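To start, the structure under review is shown below, and the notes come after it.
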């Protein structure tokens, strides 16, 4: 029953798990690597999903739904793609169980073997492009701007709640275009959407960049990404948007008649973010008391807690608290009055701090006499006493302020965590002692990238967009370099 | 390219497929039994889903998410449940592919065999109740009112788009209660929610009833249902709500400490509706010209089509049409102005009739001169010419009227399709010649029910709620009966 949280300093990884589980976001399940997203966590995800969905629709996209299963042969059609996903696929081989002839229970019916095995989708490029072949004939059918909200499965060996689970929820956009330029523009536009969402809704500052060839999505010509920074100094890839070139069009023979009346392969993008973002949210803002949620997506934005002695005080406080509750709700604030008698105020304070509720209002008998109420911010843990008149406007404004300041603080932290280094010694030292992003010259080869990764566990997170060009030498090989890239250890 | 629809009289089943495919709702996929829900169909489903989701939340439910996979041993824990689902399960047996040593492509890696096979959920009672065991200790943890929107898989041998697909989308509510009475009340309340949704949003009248023992959900003590009637006289089960008793609590050992400080098994319900409802919608309202969609859930509620000769007329009409469009949108009407020059007005008329758009507005040069516009209803195909002043109010009112009248017509059709019969001869005759629901006495035995089904393919759709008690004799066995039940052939 204890809701105590391991401190970040004592054990960062355990701290994270504590916040997920004791904060009521998710739970382990009976199925290896799969989690249960609990109602509180799912409501958070719904707010994130709804905000993103609106942004997708506002940029001209529509939702559709494609099959969960992918015929095995489809995966093989794009060489890099199958190479990237074959090793972590859940494979359906049979379609029936039967009673165990030797006892209780059921066994797989050997007579119900599929002719071709089905893969539970790890991502849907192949099934979608096999469908687009029927949908696209002419340039008039383009662009096709489709998104799907779905569950996908990647059989990860080492899983972490939200950050890396065998099954996760995500959205995957899959668009088809008549020209390379238009597809590149789409991939970059959706990266902007992700960056805006991360900053404005999650209060999560990100660096926009492009991946090196080794870190690209399997089957992409370019992978754009947003990279964020966690409090332990490790980076987390928060979303990716891929320019797929004509790779999948060629693999599935998807051509269109262009305006010059010639057959041409279609150009593609895909882009996705997942429930992994919840993990980023936790690690970007949480503290040793629990979750700290940004108001715009918090399931609950304000909670009112009464403090009273005896039924007379209770009645008075009850009446006023309900009035405040209605007032808050009428402003569109997601608010709750916790009048549960089974729990003491102190327990409630800890509980809502754990859950990261942005604003706590405490109403006691003396407050009521003075026509005041105590207002506490979750993020800074600052308290003040406020006049009851116009309390809902006050809370409304405070929520906006909290949202803004959370982003500011996270941005400041991120900016201070980008260190320029010019020598191998400094590179290793900064990684080990400070963490964060290390901005360094790299010779542009996969060999050097791999060698650095092996020695330090740091990867190139991205080459920032609009990266300044600057002559220098690779920290590892000493070869010439034209620009710095961002290294970090990452989730 | 032809958008012609097979008539209902010529081939009802082909007519249905034509509406699904040519209406742009869904498509067959490369995966046996799985469909692709196209953007137009998915938007329809989104409107249905959002309306239901709001009703669930308004009745105190919250959403969560449970794993896609169910360990095989879990299914066996409730005897009736496994009996009902074992024969149509997709089974995951491996978690990795590898390069085919004999050539191109990939094969299942025999070394990556799961210790215990995983079933792709056909429904989630077992995985959810294995989780509830950890969430429920005391009566204070109850009720637990949780819903999940998810994909499920049932390996059906004969599939039909929307009506019966291997994978489908649905919601499944799973609630836990301290008493039998409360659980029964919940099951009935959700049946009411479904009935209200079907009637108010889908314009689909339903009969609320309870299933006979043979037709119950595998693992339920009682299955409540809403039954609807299609235009070919066949019934379609549109939603079910199950009182599960303590069956799953016993199977997964979920007990709680009640108010008298005693351990007791938890009481359960589950309830669901699926993308099958889209099939019901098509068959309840469609006609030989295409889909007819109820305004409240139609992806597009009104379309404006211009008719002009030459650029001068075009400019004038264009300007006015855009003004009307903004006016409609400002009223919250989902409207579109189709000014695509590649298609002629006649083609557009047919296209939007096929797609079931409730209201069509046609603006020509003479209309514009007369400050009028032609308004056509999709459901009745009636046209009238209306003054342009206040056109958006007019359309707004018309949409409400269409919604209301669609329900009225469907209700009248259903009521006229319920026939009371008292002899076996009449029973067979009505089934063969008229179809619809046949209200007849039944002796209450599973044997008679089965014999009738074998002879006529008619099943007992339900015993209506608040069924009048009436002495009679079973049409089949001649044995005494206390009430009539509703028989029908069904989807």
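Residue numbers (the working numbering), protein chains in the order written: chain C, 28 to 518; chain W, 28 to 518. C-beta: ideal position from N, C-alpha, C; glycine also. Computed from a predicted model, the values in this text were never measured in an experiment.
Per DSSP, residue i forms a beta bridge with which residues?
i                      : result
residue 270 of chain W : W:249 and W:296
residue 314 of chain W : W:317
residue 235 of chain W : W:253
residue 215 of chain C : None, per the DSSP bridge assignment.
residue 398 of chain W : BP columns for residue 398 of chain W are empty, so no partner.
residue 285 of chain C : Note: residue 285 of chain C sits in no beta bridge, so no partner.
residue 200 of chain W : W:174 and W:298
For a cutoff of 8 Å on Cβ pairs, would you count residue i as touching chain W?
i                      : result
residue 86 of chain C  : no
residue 394 of chain C : no
residue 144 of chain C : yes
residue 351 of chain C : no
residue 330 of chain C : no
residue 103 of chain C : yes
residue 81 of chain C  : no
residue 274 of chain C : no
residue 73 of chain C  : yes
residue 113 of chain C : yes
residue 154 of chain C : yes
residue 285 of chain C : no
Beta-carbon of residue i versus every beta-carbon of chain C: anything under 8 Å?
i                      : result
residue 69 of chain W  : yes
residue 76 of chain W  : no
residue 358 of chain W : no
residue 157 of chain W : yes
residue 451 of chain W : no
residue 44 of chain W  : no
residue 173 of chain W : yes
residue 47 of chain W  : no
residue 448 of chain W : no
residue 187 of chain W : no
residue 324 of chain W : no
residue 109 of chain W : yes
residue 288 of chain W : no
residue 167 of chain W : yes
residue 180 of chain W : yes
With residue i and residue j assumed to form a contact (beta carbons below 8 Å), what rounded beta-carbon distance in angstroms separates them?
i                      : j                      : result
residue 237 of chain W : residue 249 of chain W : 6 Å
residue 172 of chain W : residue 206 of chain W : That belief does not hold up - the Cβ atoms of residue 172 of chain W and residue 206 of chain W are roughly 15 Å apart, past 8 Å.
residue 157 of chain C : residue 101 of chain C : 6 Å
residue 149 of chain W : residue 179 of chain W : 6 Å
residue 445 of chain W : residue 468 of chain W : Actually they are not in contact, since the Cβ atoms of residue 445 of chain W and residue 468 of chain W sit about 15 Å apart, beyond 8 Å.
residue 382 of chain W : residue 67 of chain W  : 7 Å
residue 186 of chain C : residue 177 of chain C : Residue 186 of chain C to residue 177 of chain C, Cβ: 19 Å. No contact.
residue 35 of chain C  : residue 258 of chain C : 7 Å
residue 348 of chain W : residue 333 of chain W : 6 Å
residue 7 of chain W   : residue 491 of chain W : In the structure as shown, chain W begins at 28 and stops at 518. Residue 7 of chain W is therefore absent and cannot be evaluated.
residue 133 of chain C : residue 109 of chain W : 6 Å
residue 380 of chain W : residue 316 of chain W : 5 Å
residue 116 of chain C : residue 122 of chain W : 7 Å
Looking at chain D, is there any beta carbon in it that lies within less than 8 Å of the beta carbon of residue i?
i                      : result
residue 256 of chain C : This model lacks chain D altogether; the protein chains it does include are C and W.
ask   = When you check each C-beta in the region 116–133 of chain W against every C-beta of chain C, which residues fall closer than 9 Å?
value = 116, 117, 118, 119, 120, 121, 122, 123, 124, 125, 126, 127, 131, 132 and 133
request  = Give the residues from the region 189–206 of chain W that approach chain C closer than 7 Å (Cβ to any Cβ), ordered along the chain.
outcome  = 194 and 196
Short-range partners of chain C found in the region 455–484 of chain W, where Cβ spacing is below 7 Å = none
ask   = Listed from N- to C-terminal order along the chain, which residues in the region 372–387 of chain W have their beta-carbon within a distance smaller than 7 Å of any beta-carbon of chain C?
value = none
message = Can you pull out the residues from the region 50–65 of chain C whose beta carbon lies closer than 8 Å to at least one beta carbon of chain W?
response = 54, 56, 57, 58, 61, 62, 63, 64 and 65
query = Got a sec: which bits of the region 293–315 of chain W sit with their beta carbon under 7 Å from any beta carbon on chain C, in order along the chain?
reply = none
key: Interfacial residues, the region 88–100 of chain C to chain W, with Cβ spacing under 7 Å   = 89, 90, 91, 92, 93, 94, 95, 96, 98, 99 and 100
key: Continuous beta strand (DSSP E) assignments of at least 3 residues falling wholly in the region 134–185 of chain C   = 140–147 and 171–180
query = Of all the alpha helix (DSSP H) runs that stay within the bounds of the region 437–468 of chain W, which reach a length of 4 or more residues?
reply = 451–460
key: Every unbroken beta strand (DSSP E) within the region 325–394 of chain C, with a cutoff of 3 residues, ordered by chain   = 329–334, 362–364 and 386–391
request  = Pick out the complete alpha helix (DSSP H) segments inside the region 55–125 of chain W, 4 residues or longer, and give them in chain order.
outcome  = 66–85, 99–102 and 106–112
request  = Output the residue ranges of the beta strand (DSSP E) runs that lie fully inside the region 481–515 of chain W and measure 3 residues or longer, sorted by chain position.
outcome  = 486–491 and 511–515
key: chain C contacts from the region 405–432 of chain W (Cβ-Cβ distance under 9 Å)   = none
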